[in-house]
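Those letters in the sequence shown? Residues 21 to 116, per this note's numbering, in order. We put the CB at the ideal spot given by N, CA and C, even for glycine.
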Amino acid sequence: MGVKVYVNKLFMERNSDIVELQGHREYFYICVITGGKVGTGRGPEFQVDSHYKGKYVIKWVEIDTLPTTDLRPVEVRDKIIKEYYDQKYIRNPIPI
Numbered sequence: 021m022g023v024k025v026y027v028n029k030l031f032m033e034r035n036s037d038i039v040e041l042q043g044h045r046e047y048f049y050i051c052v053i054t055g056g057k058v059g060t061g062r063g064p065e066f067q068v069d070s071h072y073k074g075k076y077v078i079k080w081v082e083i084d085t086l087p088t089t090d091l092r093p094v095e096v097r098d099k100i101i102k103e104y105y106d107q108k109y110i111r112n113p114i115p116i
């Protein structure tokens, strides 16, 4: 992604629903950006010659628009919404 982060805590853990990744666990963390610039990463998902499929679009989303945002996995999106409205996290835009 091009940013440095402070990893705060584990937010969610789940089994991948991607066919090629069956049996793999996915981990999602609460992080705070501490430096860098969003969208300037050089990871394999941004390389033309990699075998990564799909489109990787990074954008800031206001929490109020999250229920109608195509954020996947949906379980993560729904937990972000629930915990936000339960006042468990700071009210800031969430990078996706």
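Would you call the CB atoms of residue i and residue j closer than 8 Å?
| i | j | result |
| --- | --- | --- |
| Y49 | K24 | no |
Among the options, which one has its Cα closest to the Cα of residue i?
| i | options | result |
| --- | --- | --- |
| G22 | S36, K57, E46 | K57 |
| T54 | V77, V68, Y26 | Y26 |
| V77 | L91, K99, E40 | L91 |
| M32 | I100, Y105, Y104, Q107 | I100 |
Return the chain-ordered list of same chain residues with a C-beta closer than 7 Å to the C-beta of residue i, the five sequence neighbours on each side being excluded.
| i | result |
| --- | --- |
| G61 | M21, G22 |
Skipping 5 residues on each side, what residues in its chain have a beta carbon closer than 6 Å to that of residue i?
| i | result |
| --- | --- |
| R34 | E46 |
| V94 | none |
| S36 | H44, E46 |
| Y105 | none |
Beta strand (DSSP E) runs contained entirely in the stretch 44-96, provided each spans 3 or more residues
45-56
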